[in-house]
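**Student:** Below you'll find the structure I mean.
Number of protein chains: 2
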Amino acid sequence: MRLSKRGEYGLRAMILLAKTTPEGALPILQINDIANLENIPVKFLETILLTLKNNGFLQSKRGANGGYYLAKSPEEIMLSAIIRCLDGPLAPVRCVSQMAYEPCGCPDEHSCGLRLVMGDVRNAIANILDHTSLADVNRRSQEIKRTG
Amino acid sequence: MRLSKRGEYGLRAMILLAKTTPEGALPILQINDIANLENIPVKFLETILLTLKNNGFLQSKRGANGGYYLAKSPEEIMLSAIIRCLDGPLAPVRCVSQMAYEPCGCPDEHSCGLRLVMGDVRNAIANILDHTSLADVNRRSQEIKRTG
DNA sequence: TGAATGTCTACAATATCTATAGACATTATT
DNA sequence: AATAATGTCTATAGATATTGTAGACATTCA
Chain H
2 MRLSKRGEYG
12 LRAMILLAKT
22 TPEGALPILQ
32 INDIANLENI
42 PVKFLETILL
52 TLKNNGFLQS
62 KRGANGGYYL
72 AKSPEEIMLS
82 AIIRCLDGPL
92 APVRCVSQMA
102 YEPCGCPDEH
112 SCGLRLVMGD
122 VRNAIANILD
132 HTSLADVNRR
142 SQEIKRTG
Chain S
2 MRLSKRGEYG
12 LRAMILLAKT
22 TPEGALPILQ
32 INDIANLENI
42 PVKFLETILL
52 TLKNNGFLQS
62 KRGANGGYYL
72 AKSPEEIMLS
82 AIIRCLDGPL
92 APVRCVSQMA
102 YEPCGCPDEH
112 SCGLRLVMGD
122 VRNAIANILD
132 HTSLADVNRR
142 SQEIKRTG
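Protein chains in written order, with this note's numbering: chain H, 2 to 149; chain S, 2 to 149.
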C-alpha cells in the first residue's frame, strides 16, 4: 500500500509550486531549485516534472530563466490526479479500480467478499485524495504552524 | 497503493479457511486443495501459509491427512493483521506508519502538509481493515448472494 | 553567440515480487 | 516397519518495477 518515491517527489514538487503561487501570479521555479529545496535527485526530478507537464499538470518556460509553473490554480489540482499520473491506480486491487479495471478471476466477482472490502478501501482513499487540492495541503500546513 | 499477490493469495486462503469453519469445528484444508480452489501456484502458497503459521494466524497438522486450520476464530482475525504480516505497513508513506515509522526528512515533519494528508489516508485504510474480520468478509459475501 | 535552461530517450543499477527447487520432518495407514 | 502423504524450511531463479543517470538536443535570454 505504498506511495512510490516518484509519486512522493512529484507531490512535493507540486505542493512547493502551489505554495509559491500566491495570487494569480506566475511563480516559476527551476528544476534545480526544487531539487535542492526538497532534496530530490535532479535528473530523477526532471523526468517526473516532464511527465507532469505532458499530462497537463504543469507548464514550462524553456531557456535561460525558464522553469516550471502550475498549469491550473492550486485549488483545482487534486492529489488523486497527481498520484494516478505518477503511480497508477489508487485501488489496492485491479478488480475495484476505476481507472484500470481488470477481472481478478474469482468464480463470482459480484459476490467476492475480498473485492467488496477492497472496494471500500479504494473509496476511502479516493474520497480523501479526490477532495484534497494542493491549496488544501498548504492551508493545512499553515494552520498547524499557527495553532501548533 | 497496491496489494501484492502474496497478500491477495494469503487473504483468499484465510477467507476460504474461515468459510469452511462453521461452528468451533476443526476444518482442515490442505495446501493443494486451497491452491486448486483459489487458483494459486502451489509452491508459492506453501511459503505464504508457512509465514502465516509462523506468525500465529494458522495452525497445521503434518503428515498424511494433514493440513492447515485457523489458529483463532474467524471473528477474531482482522484483515489488517494478515496484510501487515504479508505485505508490511498499511501506510502509504513510512512517516505516518504505526508499525514501521521512519522520518521522511522534510524540514518540519510536524507541519508537513503531505504527511498530514497521508496520515488521514492511513487512518481511513486502517479503520476499515482493522474492523473487518474474516467472518465479516464471508457474511458480506453471503448477503450479496441472497439479496443480489 | 554563448550560457542557462527545459526535452527526450535510452539505459544502468537496484530492489522487490513472484515463483520454483529440493532436501527434510512428521504422521497416518497398511 | 514400510510407504505415501503431507507440512517445513532455505535458497535461489526469473520477472518486473523502481530509482536514478547519461547524454544529445532544443529553446530562450542577454
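Just so you know, even glycine gets a beta-carbon here, dropped at the ideal spot from N, CA and C.
Verify whether the separation of the beta carbon atoms of Ser98/S and Pro104/S is less than 7 Å.
**Tutor:** In the second sequence, residue 98/S corresponds to position 97, counting from 1. In the second sequence, residue 104/S corresponds to position 103, counting from 1. For Ser98/S and Pro104/S, no; Cβs fall outside 7 Å.
**Student:** Just to confirm my understanding: we take Glu39/S, look at its own chain, exclude 5 residues before and 5 after, and list those with CB closer than 6 Å. What are they?
**Tutor:** One-based indexing of the second sequence puts residue 39/S at position 38. Excluding positions up to five away in sequence, the list reads Arg13.
**Student:** At which residues does the beta strand (DSSP E) containing Leu71/S begin and terminate?
**Tutor:** Position 70 of the second sequence, counted from the start, is the residue given in the question as residue 71/S. Start and end: Gly68 to Leu71.
**Student:** Taking 7 Å as the threshold (C-beta atoms), are Gly8/H and Leu87/H in contact?
**Tutor:** Translated into positions along the first sequence, residue 87/H becomes position 86. Translated into positions along the first sequence, residue 8/H becomes position 7. Yes, Cβ-Cβ distance for Leu87/H and Gly8/H is below 7 Å.
**Student:** Verify whether the separation of the beta carbon atoms of Leu4/S and Leu80/S is less than 7 Å.
**Tutor:** Locating residue 4/S in the second sequence gives position 3, counting from the first residue. Locating residue 80/S in the second sequence gives position 79, counting from the first residue. Not in contact: Leu4/S and Leu80/S (Cβ atoms no closer than 7 Å).
**Student:** Kindly identify the DSSP beta-bridge partner or partners of Leu30/H.
**Tutor:** Position 29 of the first sequence holds residue 30/H. The partner list for Leu30/H (beta bridge, DSSP) reads Tyr69/H.
**Student:** Is the beta carbon of Ala72/S sitting closer than 7 Å to the one on Phe58/S?
**Tutor:** Residue numbering aside, residue 72/S sits at position 71 when the second sequence is read from its first letter. Residue numbering aside, residue 58/S sits at position 57 when the second sequence is read from its first letter. Closer than 7 Å, so yes.
**Student:** Mind listing which residues of the stretch 31-60 of chain H have their C-beta closer than 7 Å to chain S's C-betas, in chain order?
**Tutor:** Cβ contacts with chain S come from Asn40.
**Student:** Residues of chain H with a CB under 7 Å from the CB of Arg13/S: which are they?
**Tutor:** Start at 1 with the first residue of the second sequence, and residue 13/S comes out as number 12. Residues of chain H passing the Cβ test: Leu115.
**Student:** With DSSP run on the structure shown, which of helix, strand or coil describes Leu151/H?
**Tutor:** Within the shown structure, residues of chain H are numbered from 2 to 149, placing residue 151/H beyond reach of any answer.
**Student:** How long is the line joining the alpha carbons of Tyr10/H and Thr52/S, rounded to whole angstroms?
**Tutor:** In the first sequence, the residue the question calls residue 10/H occupies position 9. In the second sequence, the residue the question calls residue 52/S occupies position 51. Between Tyr10/H and Thr52/S, the C-alpha separation is close to 34 Å.
**Student:** How should Arg140/S be labelled, buried or exposed, when 16 other C-beta atoms within 10 angstroms of its C-beta is the threshold for buried?
**Tutor:** Looking up residue 140/S in the second sequence gives position 139. Exposed.
**Student:** Who are the neighbours of Lys6/H on chain S, taking C-beta pairs under 7 Å?
**Tutor:** Position 5 of the first sequence, counted from the first residue, corresponds to residue 6/H. Within 7 Å Cβ-Cβ: nothing; Lys6/H doesn't reach chain S, min ~10 Å.
**Student:** Exposed or buried, what is Ser134/H when buried is set at 16 or more other beta-carbons lying within 10 Å of its beta-carbon?
**Tutor:** Looking up residue 134/H in the first sequence gives position 133. Result: buried.
**Student:** Would you list the residues sitting across from Leu17/S in a DSSP beta bridge?
**Tutor:** Here residue 17/S corresponds to residue number 16 of the second sequence, with the count starting at 1. None, per the DSSP bridge assignment.
**Student:** If we cut at 7 Å on Cβ distances, does Lys73/H have a partner in chain S?
**Tutor:** Taking the first residue of the first sequence as position 1, residue 73/H is located at position 72. Judged by the 7 Å Cβ criterion, Lys73/H is not in contact with chain S.
**Student:** Can you tell me the Cα-Cα spacing of Asn33/S and Gly106/H, whole angstroms?
**Tutor:** For the purposes of this step, residue 33/S is taken as residue 32 along the second sequence, with counting starting at 1. For the purposes of this step, residue 106/H is taken as residue 105 along the first sequence, with counting starting at 1. Answer to the nearest angstrom: the Cα atoms are 18 Å apart.
**Student:** Quick one: give me the first and last residue of the beta strand (DSSP E) that Ser61/H is part of.
**Tutor:** By one-based count along the first sequence, residue 61/H stands at place 60. That run of the beta strand (DSSP E) goes Leu59 to Lys62.
**Student:** The stretch 79-100 of chain S: which residues have C-beta closer than 9 Å to a C-beta of chain H, in chain order?
**Tutor:** Hits within the stretch, in order: Leu80, Ile84, Asp88, Gly89, Pro90, Leu91, Ala92, Pro93, Val94 and Arg95.
**Student:** Please compile the residues from chain H whose C-beta is within a distance smaller than 9 Å of the C-beta of Asn66/S.
**Tutor:** Taking the second sequence and counting its residues from 1, one reaches residue 66/S at position 65. None at all; the shortest Cβ gap to chain H is about 27 Å.
**Student:** Ala136/H touches chain S at which residues, Cβ-Cβ below 8 Å?
**Tutor:** Position 135 of the first sequence, counted from the first residue, corresponds to residue 136/H. Near Ala136/H there are no residues of chain S at all, since even the closest Cβ is about 10 Å away, more than 8 Å.
**Student:** Measuring only between beta-carbons, confirm whether Arg141/S sits less than 7 Å from chain H.
**Tutor:** By 1-based counting over the second sequence, the position of residue 141/S is 140. Yes, contact with chain H.
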